[in-house]
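*Asks:* Protein chains in written order, with our numbering: chain A, 1 to 295; chain B, 1001 to 1552.
What follows is a single structure, and I will ask about it in a moment.
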């Protein structure tokens, strides 16, 4: 690996690191920061990328020190070299990081603000800290891994929209806030800790897994989809008991989650579940699987 | 003074069809040209706009659009998704605002002005909510405005109509209509699904023209004829502005024809006629009844209509026709806002998306264009999308292109559901609108139908509202971006961008009748309204720049 300050050739794989120099005084609209927008740019061009700080337009360079390094070959699915983007620092005042990214890898060493990875279509986003609200809202593909907790509305639909997350995977190692996966239609969300109220609110499809304590009213108004609670919780009266069974698909999902970095003890693989159908007010085609026992 | 020189002028009211002439403006009015004295730039305080090679028309007039008031605001609240991606940034001349199908008041004014429109009428104001309508119109820049007062399901109107004494009935109705117009500061009488909304509120089904409607068992026919009579007696400038019964239902063209038949020989404006021209098919669907409806209109020049053309893409339906909105909610599964306007009407809001690959939507699209092309007299038919019910008003340039460019129209038809040709005649129609006809359906015709003698033309004494376009093969691009728009003598848009700001007038009428609620209805008002009579009337303070148009 060799250091370079002016790498502008798209054919050379690079790692770009943005070190936070100063915390901005107000929240920042930072949708310009994602792997695609920094690829094939030299340090100066990256520093010139716009940031809206309050109502003033400022530069990435005003808040970050930029380092560009050539790396070993880094190929994405399209076989075109794409920069790996690292961000370092407490970015909890930066909103919309990785907004709409479709490929590449973004690693954030620190906490991030709201709307991170919203409308993401592909690639990988790793957050080594806490994530704000609306993590992966309207996400369509790719993977988000949070090695901490996430705020409210992870994978949810923005106000007014009928459909939230439509694909991809969100893994939250610790806790998640309220309205997890609200109105989601496809994809997987897995939470390693507890989650807030209304997990899977209004789901149309997709899968939500909660390992810790679920909040109140999980699955309220869900039309279809699956919520898997690995710790029992109080369900709404509009969910009715069907059976106790060990679904085959759980083993497949277990393997997938393990592979994606969501650690579960080996004995969970053979778990049996109580199946509840609901929400009866919305047709009752959704299901909540509540951990029954370890076989 | 402002002088527009060498422009190719289209001014149908004054019979000018593309002649090159100059337009002189002083004090916000168009004045007669000063002899042959050549105006020189910078001299004598004359500002010159060289319009050589450009098309000069009066400012556009939208006769039917939902831009202000509680139902529009409900639409904005119900559809935050309508606002994320559509906004305008503040500049020295415009404020920030958002929205696509339900833009905020500021953006509404800017978007209309940027197309060359300078006058817009809000199509439905319940008297009880009229204060809010005026507040929002007051807040809408660059436009002269007015609103129509809803009366077709009003408790007091129906009570008066149930009076068996014919002469007393008509006299009281006349007084009541005058009072409702005065207290709501409305410009004309709007009737929405006469009797049908009240019937639905009583838990009953749809109404035909002769269905008795509770609580007084008056029929929609009685409501229509009574209100049309009162409008004539009060000599209001605009006739009854009618949203007929059975909107959107297969077979409703028979009701539309029967309604026109009931009022034959009298003035009537049928609004969003496209939604009322459906013939039922044996399988429960619908096909175009535009030929039947247009044929009737062609034989009855006393009627006018606007089309309510649908535009593919998102729309937010909002209407006082609450049962329709409930049906749409059930049909689409989309979110629904409903409001019972006590004693007066209902209302509802349902967002939806018109799709070219949906056969019903494709047929609706074609029916609208068929009406445009089959109604032979352009003075009888006006361009609207029933904004935002059929789509946003910002699509007017697209509709103009569809009317003026047959090849483009046929190419667009290829995008539609392939079966649309089995249900419509549009593919067989070759007519293309001329610039003069476009000037009629977007300016001169609405002005005449509204009785606004100082609007919609460029003769001496007219308001100095002018739109100047650069001729282009692509008529959509031409009408979407005027070179200049002049409002009240001031240049407010240049090259499609707002460069100045001002607020327009509010048109009111002053009917020849006492402006008070008939005594015998005061008791009903006190008993049933949730507000007192003294708080009901819209005060003058809500209309900062009124212009009272004398009744004919």
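Ideal Cβ positions, reconstructed from N, Cα and C, are used throughout, including at glycine.
From the DSSP output, in three-state form, read off residue 186 of chain A for me.
*Replies:* If DSSP states are grouped into helix, strand and coil, residue 186 of chain A belongs with the strands.
*Asks:* Quick one: grab the DSSP three-state call for residue 1241 of chain B.
*Replies:* In this structure, residue 1241 of chain B counts as strand in the three-state DSSP scheme.
*Asks:* Which same chain residues end up closer than 7 angstroms to residue 1378 of chain B when comparing Cβ atoms and leaving out the 5 residues on each side of it in sequence?
*Replies:* Taken in chain order, the residues that qualify are 1437, 1440, 1441 and 1445.
*Asks:* Give the interface partners of residue 1080 of chain B over in chain A, defined as CB-CB distance under 7 angstroms, in chain order.
*Replies:* Simply 159 and 160.
*Asks:* Put residue 1414 of chain B into one of helix, strand or coil per three-state DSSP.
*Replies:* Coil, per DSSP.
*Asks:* Spell out whether any CB of chain B is found under 8 angstroms from the CB atom of residue 283 of chain A.
*Replies:* Output row for residue 283 of chain A: interface = no.
*Asks:* Report the three-state DSSP secondary structure of residue 1223 of chain B (helix, strand or coil).
*Replies:* Of the three classes helix, strand and coil, the one that applies to residue 1223 of chain B here is helix, per DSSP.
*Asks:* Relative to chain A, which residues along the stretch 1055 to 1089 of chain B have a C-beta separation below 9 angstroms, given in chain order?
*Replies:* Per Cβ criterion, the list reads 1078, 1079, 1080, 1081, 1082, 1083 and 1084.
*Asks:* Is the beta carbon of residue 1137 of chain B closer than 8 angstroms to that of residue 1451 of chain B?
*Replies:* No; because the gap between Cβ atoms is not below 8 angstroms, this pair is not in contact.
*Asks:* Taking a contact to mean a Cβ-Cβ separation below 8 angstroms, would you say residue 1074 of chain B touches residue 1120 of chain B in this structure?
*Replies:* No, they are not a contact pair.
*Asks:* Return the residue from the list B:1416, B:1508 and B:1082 that minimises the CA-CA distance to residue 1364 of chain B.
*Replies:* Comparing Cα positions, the closest option is B:1416.
*Asks:* For residue 1036 of chain B, does the count of other Cβ atoms within 10 angstroms reach 16, so buried, or fall short, so exposed?
*Replies:* Model confidence at residue 1036 of chain B stands at a pLDDT of 44, short of 50, so the residue's coordinates are unreliable; what they give is reported in the following sentence. Flag for residue 1036 of chain B reads exposed.
*Asks:* Compute the Euclidean distance between the alpha carbons of residue 18 of chain A and residue 43 of chain A, then round it to the nearest angstrom.
*Replies:* Near 10 angstroms, if we compare the C-alpha coordinates of residue 43 of chain A and residue 18 of chain A.
*Asks:* Under 6 angstroms Cβ to Cβ from residue 1007 of chain B, same chain only, skipping five residues before and after it: list those, please.
*Replies:* Same-chain partners within the cutoff: 1051, 1054 and 1056.
*Asks:* Starting from residue 1347 of chain B, follow the alpha helix (DSSP H) in both directions and report where the run begins and ends.
*Replies:* No alpha helix (DSSP H) holds residue 1347 of chain B; the beta strand (DSSP E) holding it covers 1345 to 1354.
*Asks:* Tell me the residue span of the alpha helix (DSSP H) that contains residue 1146 of chain B.
*Replies:* No alpha helix (DSSP H) contains residue 1146 of chain B, which is instead part of the beta strand (DSSP E) from 1144 to 1150.
*Asks:* By a C-beta neighbour count over all protein chains shown, 10 Å radius and 16 as the cutoff for buried, is residue 266 of chain A buried or exposed?
*Replies:* With fewer than 16 Cβ atoms within 10 Å of its Cβ, residue 266 of chain A is classed as exposed.
*Asks:* Can you name the residues that DSSP bridges to residue 1306 of chain B?
*Replies:* B:1382, per the DSSP bridge assignment.
*Asks:* Applying the criterion that 16 or more other CB atoms from any shown protein chain within 10 Å of the CB defines a buried residue, is residue 1023 of chain B buried or exposed?
*Replies:* Buried, by the Cβ-count rule.
*Asks:* Identify the continuous beta strand (DSSP E) that holds residue 272 of chain A and give its terminal residues.
*Replies:* 271 to 278 is the span of the beta strand (DSSP E), which, as asked, contains residue 272 of chain A.
*Asks:* Beta-carbon within less than 7 angstroms of residue 1491 of chain B's beta-carbon, same chain only, minus the 5 sequence neighbours each way: which residues are those?
*Replies:* For residue 1491 of chain B, where only same-chain residues beyond five positions count, the Cβ hits under 7 angstroms are 1484, 1499 and 1500.
*Asks:* Give every residue of the same chain whose Cβ lies closer than 6 angstroms to the Cβ of residue 1195 of chain B, excluding the five residues on either side of it in the sequence, and list them in chain order.
*Replies:* 1207, 1213, 1220 and 1223, listed in sequence order.
*Asks:* Distance check for residue 1388 of chain B and residue 83 of chain A, CA to CA, integer angstroms please.
*Replies:* Going from the Cα of residue 83 of chain A to the Cα of residue 1388 of chain B covers about 45 angstroms.
*Asks:* Nearest to residue 1321 of chain B by alpha carbon, out of B:1011, B:1476 and B:1071?
*Replies:* Among B:1011, B:1476 and B:1071, the Cα nearest to that of residue 1321 of chain B is on B:1071.
*Asks:* State the CB to CB distance for the pair residue 1151 of chain B and residue 1180 of chain B, rounded to an integer number of angstroms; the pair is presumed to be in contact (CB under 8 angstroms).
*Replies:* Between residue 1180 of chain B and residue 1151 of chain B the Cβ distance is about 6 angstroms, and since that is below 8 angstroms, they are a contact.
*Asks:* Would you list, in sequence order, the uninterrupted beta strand (DSSP E) runs of no fewer than 3 residues that lie entirely inside the stretch 45 to 76 of chain A?
*Replies:* The stretch 45 to 76 of chain A contains these whole beta strand (DSSP E) runs: 50 to 53, 56 to 59 and 64 to 70.
*Asks:* Please classify residue 1047 of chain B as buried or exposed, where buried requires at least 16 other C-beta atoms within 10 Å of its C-beta.
*Replies:* With fewer than 16 other Cβ atoms within 10 Å, it is exposed.
*Asks:* So residue 1254 of chain B is in the alpha helix (DSSP H); what residue range does that whole segment cover?
*Replies:* That run of the alpha helix (DSSP H) goes 1253 to 1262.
*Asks:* So does the stretch 134 to 142 of chain A actually touch the stretch 55 to 73 of chain A, counting three or more Cβ pairs closer than 8 angstroms?
*Replies:* The stretch 134 to 142 of chain A, when compared against the stretch 55 to 73 of chain A, does not touch it at the 8 angstroms Cβ threshold.
*Asks:* Check residue 21 of chain A in the structure and name its three-state DSSP category.
*Replies:* Correct three-state label for residue 21 of chain A: coil.
*Asks:* I need the straight-line Cα distance from residue 291 of chain A to residue 1333 of chain B, nearest angstrom please.
*Replies:* Rounded to whole angstroms, residue 291 of chain A to residue 1333 of chain B spans 34 angstroms at the Cα level.
*Asks:* So residue 1074 of chain B is in the alpha helix (DSSP H); what residue range does that whole segment cover?
*Replies:* Here the alpha helix (DSSP H) through residue 1074 of chain B covers 1070 to 1078.
*Asks:* Under 8 angstroms, Cβ to Cβ, is there at least one residue of chain C near residue 1126 of chain B?
*Replies:* Considering every chain present, this structure includes no chain C. Its protein chains are A and B.
*Asks:* Can you tell me which residues form a DSSP beta bridge with residue 1047 of chain B?
*Replies:* Answer by DSSP bridge pairing, in chain order: B:1002.
*Asks:* Secondary structure at residue 94 of chain A, three-state DSSP: helix, strand or coil?
*Replies:* The answer is strand: DSSP assigns residue 94 of chain A an E or B state.
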